[in-house]
Structures are given as structure tokens and as C-alpha cells.
Amino acid sequence: MSLLSLLATTASSTPLAVFALHAELALAAAAVLALLLLLAAPFAQSAALLVALPALIARVALFVALLAESILAGLLAVAGVLLAELLS
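Residue 0 is where the sequence shown starts when you use numbering that gives the first Met the number 0, and the numbers rise one by one after that.
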């Protein structure tokens, strides 16, 4: 998801959109920091790997949050259909 689309969806102020925006900003900051470390010292590759690890964790957390929200939305939709069938 691009940063511009995240900024557009943040207008709706859903907690997931805010979380996704923060995760994307953290990933961008980690990428800039990793680039600076690669330019700074000959041993920066190991330091860049240490910076990339939290970015990877943030991406996995974002994926899990998106997956959890879509599963919950699907379960709520199924429950709504079943309730409508029971009431009709």
C-alpha cells in the first residue's frame, strides 16, 4: 500500500488505517536509516541488517492486522446473512 493511499484512508480515522500509516512511516524511516548506515562505515551492513529487522517485524505485524480485520469482517458478514435468514 502506498503512502499516499494510506494518507487518503487515514481521513476515515479507522484504527487500522492509523496503524498502517504509522507502520509505513516507520518502514520509511528504517529505510533511510539503513541507507545512511550503508554510506557511513564499512561495517554498516551488519548494522543495516539490525535496522531492517524491526522493519520486517512491522511489515509482518501489519499483514497480521490486515488479515485479522478481513477475517473478522468476513465472519461478521456470514453472521449477518445467517441472522437475516433466521429472521425471514
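By construction, the Cβ of each residue, glycine as well, lies at the ideal position given by its N, Cα and C atoms.
Q: Please classify L61: is it buried, with 16 or more other beta-carbons within 10 angstroms of its beta-carbon, or exposed?
A: The residue labelled residue 61 in the question sits at position 62 within the sequence shown. L61 should be labelled buried.
Q. Can you list, in chain order, the residues of its chain whose CB lies under 6 Å from that of A29, leaving out five sequence neighbours each side?
A. By one-based count along the sequence shown, residue 29 stands at place 30. For A29, where only same-chain residues beyond five positions count, the Cβ hits under 6 Å are V50 and A54.
Q. Which value, in whole angstroms, describes the spacing of the CA atoms of A83 and A72?
A. Residue mapping note: residue 83 aligns to position 84 of the sequence shown, counting from 1. Residue mapping note: residue 72 aligns to position 73 of the sequence shown, counting from 1. Straight-line spacing of the CA atoms in A83 and A72 works out to 16 Å.
Q: Tell me whether A67 is buried or exposed, calling it buried when 16 or more other Cβ atoms sit within 10 Å of its Cβ.
A: As a working mapping, residue 67 is identified with position 68 in the sequence shown. With fewer than 16 Cβ atoms within 10 Å of its Cβ, A67 is classed as exposed.
**Q.** Buried or exposed (CB count within 10 angstroms, at least 16 for buried), A22
**A.** Start at 1 with the first residue of the sequence shown, and residue 22 comes out as number 23. By the 10 Å Cβ count, A22 comes out buried.
**Q.** Rounded separation between L32 and A25 - CA only
**A.** If you number the sequence shown from 1, residue 32 lands on position 33. If you number the sequence shown from 1, residue 25 lands on position 26. Roughly 10 Å between the two C-alpha positions.
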